[in-house]
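Q:
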Amino acid sequence: VQGPVTVTVTGAAGQIGYALLFRIASGHLLGADVPVKLRLLEITPALKAAEGTAMELADGAFPLLQSVDISDDPRVAFDGANVALLVGARPRTKGMERGDLLEANGGIFKPQGAAINEVAADDIKVLVVGNPANTNALIAQAHAPDVPAERFTAMTRLDHNRAISQLAAKLDVPVTAIKKLTIWGNHSATQYPDLFHAEVNGKVAAEQVDEAWLRDTFIPTVAKRGAAIIEARGASSAASAASAAIDHVFTWVNGTAEGDWTSAAIPSDGSYGVPEGLISSFPVTAKDGKFSIVPGLEIDAFSRERIDASVAELGEERDAVRGLGLI
Ligand code: NDP
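If you want it as structure tokens, here you go:
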């Protein structure tokens, strides 16, 4: 990557944005030698807070950070963007129905998709972090018909990292001993962290833990980690989410290591029984700025059931946004 690279962050004044922007400015998103121009998109009431963050970014005197611009207009913020991190979203609040949540997010991701279509750079790469991330990505993609569909992705890298960390702790090995971990499906409680293809020091991970731990401890711990952090910290897992967003884009741009893969929610090509077009998490490799689904893995009944359940949920979310006329 040469640069400078224009990176747009939405919801920039939020908690994740606060952790994310400093990592981008210090060169972790793309590489330690790639200059960056930052664009911060916020809703109008949060512009002042975004300005405060921009003041702190200036105070960091980051050698790679060429500029910071703030706007509440997606057509300004995405102008010439090479990378878009869509963090700002409408969170689910108590008593909110799923339809209301999807509709509120449609109001955010529809215009952002349209603006990306119109003004972003030809090589735009989009990562959606704001929840429901997979379906928000689908909404944005539907309104960007001129952008190749595979440029719209959603984040399951935090789930991936959490799974690696839990497994490494269980087996008392460094995280670097673990390869080929996969998160399948939706970034939600139905996600499926797969240890049947993961390797620990080259050996199948599932064979090194007992099935009860895998089923009753590992899977729910990974899926419910966000709630556990809110319980412990009194605030959501913003820094680890930001760190995972950095990992997702860094891998997308710089590639996966030989003999390993990662997890990302990308548009399905029909692989593994996931309906074409759904933005679902898969085992993926990255090369030359493109993700590819790892082909040919055997899926046993235990995994099949869990992948199918999560994918079914994605299908329901897609049907719901279709029903609302959002895609
Ligand atoms: P955060 O920065 O903490 O979170 C932003 C989004 O990331 C939420 O949708 C949240 O979903 C999601 N998320 C994904 N993974 C995680 C994770 N592991 N931990 C926590 N969140 C995760 O929210 P804030 O409320 O602090 O900030 C949001 C900002 O977005 C505000 O400044 C708001 O003004 C802005 N915004 C901007 C918009 C725009 O630019 N057009 C539109 C809407 C909002 P979940 O809540 O489900 O955890």
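Numbering-wise (full-length UniProt numbering), the sequence shown opens with residue 2 and increments by one. Don't be surprised by glycine CBs; every beta carbon is placed ideally from N, CA and C. Since the model is a prediction, treat every value here as computed from it, not as a measurement.
Which partner residues does Pro194 have in the DSSP bridge list?
A: Paired residues: Ile184.
Q: Which residues bound the alpha helix (DSSP H) around Ile25?
A: 16-26
Q: Cβ atoms of Val250 and Leu30: under 7 Å apart, would you say?
A: yes
Q: For the beta strand (DSSP E) holding Ser126, just list the boundary residues, first then last.
A: Checking the sequence, you will find Lys at residue 126 rather than Ser. Run containing Lys126: 126-129, per the beta strand (DSSP E) assignment.
Q: Less than 6 Å separating the Cβ of Ile184 from some heavy atom of the ligand NDP?
A: no
Q: Using the three-state DSSP reduction, which class does Asp70 fall into: helix, strand or coil?
A: Here Asp70 sits in strand by DSSP.
Q: Below 8 Å, how does it come out for the region 6-20 and the region 223-239: are there three or more Cβ pairs, yes or no?
A: yes
Q: Cβ-heavy atom distance between Asn137 and the ligand NDP below 6 Å?
A: no
Q: Return the chain-ordered ranges of every beta strand (DSSP E) run that is complete within the region 214-276 and spans a minimum of 3 residues.
A: 263-268
Q: Which residues does DSSP list as the beta-bridge partners of Thr286?
A: In the DSSP secondary-structure assignment, Thr286 is bridged to Ser293.
Q: Identify whether Ala87 lies in helix, strand or coil by the three-state DSSP scheme.
A: Sequence check: residue 87 is Leu here, not Ala. Three-state DSSP puts Leu87 in a strand.
Q: Would DSSP call Glu299 helix, strand or coil?
A: coil
Q: Around the Cβ of Glu318, are there at least 16 other Cβ atoms within 10 angstroms (buried) or fewer (exposed)?
A: buried
Q: Measuring straight from C-alpha to C-alpha, what distance separates Arg76 and Ala116?
A: 5 Å
Q: If I'm right that Val312 touches Leu103 with Cβ under 8 Å, what's the distance once you round it to whole angstroms?
A: The Cβ separation is near 18 Å, so there is no contact.
Q: Tell me, please, which residues DSSP counts as bridged to Arg158.
A: Looking at the DSSP assignment, Arg158 forms no beta bridge with any residue, so it has no partner.
Q: Could you say which of Trp185, Ser166, Ala143 lies nearest to Val176 if we only look at CA atoms?
A: Here the closest residue by C-alpha is Ser166.
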